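Notes to accompany the following structure.
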Amino acid sequence: MPVDGTAEAAKLAQGYAECARLTKRHGTTYYWGAALLPKERRRHVFAVYALCRLADDIVDLPQEEGPDPASRRPVPVEGYPETAARLEAFAQSFRDALAAGGSDDPVLAAIVHSVRVCAIDPECFDRFFAAMAMDLTTTSYETWEDLCGYMEGSAAVIGEMMLPVLQPTSPAAKDPARSLGFAFQLTNFLRDVDEDLDRGRVYVPQEDLRRFGVDLHGPRGREVTPEWRACLAFEIARNRELYAHADAGIALLPPRSARCVGAARVLYARILDRIERAGYDVFTERVRVPTWRKALTTGRVLVAGPPRSLRTTLPVQELS
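Each residue of the sequence shown is one higher than the one before, counting from 87 in my numbering.
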C-alpha cells in the first residue's frame, strides 16, 4: 500500500512514532528484538504491539485508592461494566478503521496500515479481543488446559499476527510461532504473580497450586515457601518446553527475522533464569533483564545470528 508525501503520510509517520514509543516503554524485549529488522518491517512489529498494549491498558484496571500503596486492595474486575464498554468501543473503532482502510487517529491509522500491508488475518483480532474481554470476568483458571484456552487469544494469536511481518519461508512456521506466543506470556505470568494478585487475578493454574500445597490468598500467600519454589519450578520447566517447541520456527525465517525472533526469545527466557537465581522470589521485586544486557544481546545476535541451539529445526509436536 503506497503512501505519498501528503498529510496522510505525515499522519502515518506520527502514528508509527507513537507505536514505537509505546513499545520502547512497555515492551522493551519486543523493541530490542525488532531493532534487528529492516526499518519497514520494524514499524509493523511496533504497530501490532501497540494495538495489544492499548487494549491491555484498558483491561488492567487501577486499584482502589488508599493512603499508601501497601494499603490498597484490588478492585474485582467483574465490578467494572464500564471497562467492558471501553474495551468494546476500542475494538469497534479498530474494526471500523480496518473496514475503512484508515483512521483520523494516527495510531489507529498506523496499525491499520500495517495490518493491510502485511495481510494479517483480521480473524486474529477477533480472538484477541475476545481474550481481553475474558479478563474482565475470569480471575483464575482451574487447569492448564483452561489457561491455554485464554492464552489462545491473548498470546498464541500474537505469534500468528507477527508471522506475516517476519515473512517465514514455510507454512510450518505457524505452530512454532504460536508456541512462542504461549511461552512469552507464560513467562510474563510467572514474573508478574505479585502484580496480578494486586489486580485480583491468578494465572497459575489452580490445580497446580493445590498439587504443591500453595494458597496465594492465604496468610503465607506471598512468601517464598518450599511449596512455592516447587510449584514455580514446575511451571518454569513447562515454560521451557514451550520455548523448545518454538525454536523449530527460527530456522524457517529469513536471516533478519531469525535474528529478531532469536534475540527476543533469548531475552525472554533469561527472565526464567533470573527467577531461579532469585530463589523463585517474584514477590519482593519485579525480575528484570537490565537494558544494557538487552542491548548487548541484541548486538551479539546481530553479528553472530541466533544462538546455535536455536538454528536447528526441532521435531514439531502438537502443544498439549
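Glycine is no exception: its CB is placed at the ideal position from the N, C-alpha and C atoms.
The model shown is predicted, which means the values in this text are computed figures rather than measured ones.
- Proximity to Leu122 across Met220, Ala217, Ala170, Val251 peaks at Val251, based on C-alpha coordinates.
- Judged by beta-carbon spacing, Lys110 lies within the 8 Å limit of Tyr117, meaning their Cβ atoms are closer than that value.
- With contact defined as three or more Cβ pairs closer than 8 Å, the region 210–227 and the region 186–200 are not in contact.
- Taking every protein chain shown into account, the CB of Asp333 has 16 or more other CB atoms within 10 angstroms, so this residue is buried.
- Glu321 sits in a helix when the DSSP states are folded into three classes.
- Scanning the region 169–233 for uninterrupted alpha helix (DSSP H) segments of 4 residues or longer gives 192–204, 209–220, listed from N- to C-terminal end.
- Using a Cβ distance threshold of 8 Å, Leu173 and Ala219 count as a contacting pair.
- For Phe369, there is no enclosing alpha helix (DSSP H), as DSSP gives it neither H nor E.
- Around the CB of Asp261, 16 or more other CB atoms lie within 10 Å, so the residue is classed as buried.
- According to the DSSP assignment, Gln253 belongs to no alpha helix (DSSP H), since it is labelled neither H nor E.
- Of the candidates Glu231, Tyr236, Trp230, Tyr236 places its Cα closest to the Cα of Thr224.
- Per the coordinates, the alpha-carbon of Tyr329 lies some 16 Å from the alpha-carbon of Arg345.
- In this structure, Pro312 lies away from Glu228, with their beta-carbon atoms at least 8 Å apart.
- As summarised for the region 341–368, the continuous alpha helix (DSSP H) elements at least 4 residues long and confined to that stretch are 341–363, given in chain order.
- By the Cβ-count criterion, Gln178 is exposed, with fewer than 16 other Cβ atoms from all chains shown falling within 10 Å of its own Cβ.
- It is roughly 24 Å from the alpha-carbon of Gly119 to the alpha-carbon of Pro192.
- Taken through DSSP and simplified to helix, strand or coil, Gly101 comes out as helix.
- Closest in alpha carbon position to Leu140, among Thr115, Glu246, Cys105, is Cys105.
- Shown here for Asp232: same chain residues with a beta carbon closer than 8 Å to its own, the five before and five after excluded, namely Pro291 in chain order.
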